[in-house]
Amino acid sequence: MSNIRKALVFYAITLALAVLVRLAVPWIGEASLLLTMLTPALGVLAMLLVIAPEGGLRDAFSSLGLNKAGWKAWPFAIAGPLLIHVIGIGVLVATGLTALLAPTLPAVPLLAVLDLLIGFLISTVLALGEEVGWRGYMQPRLLSLGPVYAMLLVGFLHGLWHMPILLTTDLYHSTGNPWLVAPLFLITLTLAGVFYGFLRQWTASVWPVAVAHAAANTAWNLATRVSETKSPMVLEYVGGESGVIVIVGLLLINWAIIAHMRKNPHLMGKTESP
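Numbering-wise, the numbering used here comes out as the position in the sequence shown, counting from 1, plus 499.
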């Protein structure tokens, strides 16, 4: 089986699992969000254990980018999403679309820091359940299309995988008109594919990608805690995690990433993959 075919079979399995979880929403409720996040990992297991095994456990860990921490990319992985959301809140405040709020802190400030760190760690583990599939398994097997095209395609398919829950339930991005939210969301995830994909290419590791994914979620949660908008639509369409400001920020980051990759041809090559 070719690498491209492996990637497509993996995606078909993962999307089918996401649809099955959606069908179970009436019985499992909000737990469906957590189960959906785990479907890419289940898709990888199906591929490596049953459909298209690729060597032993060590080879599998290497091909998925689980055998390296990729520490050098962690500062960028955390700073990129944080910077975009800080600038986004700044723009909303400057234009009068939102106001800053003083966060409610516990009596012992250290507990707030501990709560933030624990939340970030949990978010990283959950994000790994997704990223071991998207950037760990799928991206390396599509690199023959060209690295930037592969990153954009994986990002788009990552976004499309959210659609069963996003378009047909009120569990995820339920504030705005779904026919406006969905295109914005797909554009955001497609562009984020370059940022996440670059981290994978740079380090041959999926861990910085999971960290960046968690950083984006954490930055967004923090932004909503310290701000109050005049309309929920402002967050959904303009300053939210898939709003126009985030899209513009990703475009700028991607421009810098692609320019850097072109100056460093070794980053255009393949990550470790059988």
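Where a beta carbon is used, it is the ideal one built from N, C-alpha and C, also for glycine.
Would DSSP call residue i helix, strand or coil?
i	result
residue 562	helix
residue 727	strand
residue 594	coil
residue 581	helix
residue 641	helix
residue 770	Because residue 770 sits at a pLDDT of 49, beneath the cut-off of 50, its placement in the model cannot be relied upon, and the point is left open.
Does the distance from the CB of residue i to the CB of residue j come in under 8 Å?
i	j	result
residue 774	residue 663	Given a span of 500 to 773 for the chain in the structure shown, any question on residue 774 remains unanswerable.
residue 691	residue 654	yes
residue 623	residue 708	no
residue 506	residue 641	yes
residue 600	residue 730	no
residue 635	residue 565	yes
residue 745	residue 583	yes
residue 760	residue 697	yes
residue 535	residue 728	no
residue 765	residue 626	no
residue 671	residue 532	yes
residue 684	residue 665	yes
Output the distance between the C-alpha atoms of residue i and residue j, rounded to the nearest integer angstrom.
i	j	result
residue 611	residue 617	10 Å
residue 675	residue 558	44 Å
residue 667	residue 681	11 Å
residue 678	residue 651	21 Å
residue 770	residue 577	Note that residue 770 scores 49 on pLDDT, short of 50, meaning its location in the model is unreliable; the coordinates nonetheless yield the value given after this. Taking the straight line from one Cα to the other gives about 22 Å.
residue 519	residue 732	30 Å
residue 669	residue 763	44 Å
residue 508	residue 644	17 Å
residue 748	residue 722	16 Å
residue 521	residue 512	14 Å
residue 735	residue 591	12 Å
residue 739	residue 555	42 Å
residue 661	residue 673	13 Å
residue 510	residue 530	22 Å
residue 514	residue 572	29 Å
Assuming residue i and residue j form a contact by the criterion Cβ under 8 Å, report the distance between their Cβ atoms to the nearest whole angstrom.
i	j	result
residue 752	residue 528	With a Cβ gap of about 36 Å, residue 752 and residue 528 do not count as contacting.
residue 701	residue 568	Their Cβ separation, rounded to whole angstroms, is 13 Å, which puts residue 701 and residue 568 out of contact at 8 Å.
residue 563	residue 549	Not quite, the Cβ-Cβ distance comes to about 16 Å (not below 8 Å), so this is no contact.
residue 631	residue 539	7 Å
residue 581	residue 714	6 Å
Those runs of the beta strand (DSSP E) which lie wholly inside the segment 672-755 and span at least 3 residues: Correct list: 726-728.
Whole runs of the alpha helix (DSSP H) within the segment 524-551, excluding any shorter than 4 residues: Whole alpha helix (DSSP H) segments, 4+ residues: 524-527 and 530-545.
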